Amino acid sequence: MFDYGDRTGYEPISDTDRKEFHEQGFLLLRNVLTEDHRAALEAAVDRVYAEEQAKGTTKKDGTLHLLGFLERDELFGELLTHPIAFPYMWGLAGWNIYTHHNHLDVTPPAAEPEKPYWGWHQDGYRQNSDPETMDPNLPRPMFSLKVAYVLSDLSETGRGATKVIPGSHLWNSLDRPKDLSVHNPDPEGTVEITANPGDAFIFDRRQWHSRSTNLSTITRKMLFVGYTYRWIRPLDELHPDVNGEWYRNRTPVQRQLIGEGTHTANYWGINWDGYVDDEIPLRKELKERGLLDRNIPWLR
């Protein structure tokens, strides 16, 4: 549908990108979406936004944070295996993955001056507590990562872009100001991810990050697709109609990514005999392409 040349979604990521991601906790990728693809996605977002606005589900200030959006358009389903972004998902997390959490965000220009708030957090909710050790210097497991597709012009600060602290994915805590009723400066080292339409960024769910207020005249439009291991329960609810066109159009790998499995042990990557299930679609695809790697634990 859109021209990405000979990119298939199964090109291994570079050692340089893997190293930067592990050190910084995020990667900014330029020109991930072709312009016609970006424009089509923006049109789909605008349609969904109008539908939600008609239902009264947008906030009073016009913002929309819509969970589980993938089924709302064919283009959204195709993002699961985007030919440029997808290699980072399996390259950094492996073959036993699916999307547990995805959201469509529309942030119009703020109608009022910025109010004091402290939005810094790590994703994952109880993933930040349940597996933690008593050693504060031992980072928690990554467990999941997200790819964020930028549809609007966020090339300048002040347009509601995501803020991150590079390297903070290895911190289990972040000091909070004592008084949250006043404006507080961002933590030292904060970077606002400025990006052009069609760019994308990938981040470790442990990365300390925050929203920012849209002080511009441009409406921020973003699509976030999160991936985690299939043995972790979903956060968002997906209810694909197995008799519908959207579901019929999904490839075996995409069906794995929306949560399909043949039995409970399959979600753990094995058959009931305890051996790895080579028929799991993404593993099968990587194996046939010679992309499994004993030196990378998640690609064994």
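Numbering-wise (this note's numbering), the sequence shown opens with residue 203 and increments by one. Glycine residues also receive a C-beta, built at the ideal position from the N, C-alpha and C atoms. Note that the structure is predicted; figures quoted are calculated from it, not measured.
Taking buried to mean at least 16 other C-beta atoms within 10 Å of its own C-beta, is residue i buried or exposed?
i: V427; result: buried
i: H441; result: exposed
i: P310; result: buried
i: R328; result: exposed
i: H305; result: buried
i: L503; result: An answer regarding residue 503 cannot be provided, because it is not within the stretch 203 to 502 covered by the chain.
i: L353; result: buried
i: T234; result: In the sequence as presented, Thr is not what sits at residue 234; that position holds Val. By the neighbour-count rule (16 or more Cβ atoms within 10 Å), V234 is buried.
Using the DSSP secondary-structure output, state which residues sit across from residue i in a beta bridge.
i: L229; result: I404
i: G428; result: H303 and K348
i: Y394; result: The residue you asked about is not Tyr; residue 394 is Glu in the sequence shown. Note: E394 sits in a beta bridge opposite K365.
i: L356; result: A397
i: K423; result: V308
i: N451; result: Paired residue(s): none; N451 is not in a bridge.
i: H323; result: H411
i: V478; result: I472
Which whole-angstrom value is the C-beta distance of residue i and residue j, which I expect to be below 8 Å?
i: L493; j: Y212; result: 6 Å
i: L382; j: W297; result: That belief does not hold up - the Cβ atoms of L382 and W297 are roughly 42 Å apart, past 8 Å.
i: T359; j: T396; result: 6 Å
Given a cut-off of 8 Å on the beta-carbon distance, is the pair residue i and residue j in contact?
i: L459; j: T301; result: yes
i: D307; j: H267; result: yes
i: E276; j: W448; result: yes
i: T283; j: V455; result: yes
i: Q409; j: Q324; result: yes
i: F403; j: L231; result: yes
i: R342; j: N374; result: yes
i: G463; j: P436; result: no
i: I434; j: F288; result: no
i: L417; j: A312; result: yes
Worksheet item: Which runs of the beta strand (DSSP E) spanning at least 3 residues fall entirely within the segment 241–307, listed in chain order?
Response: DSSP runs (the beta strand (DSSP E)) wholly in the segment 241–307: 266–269.
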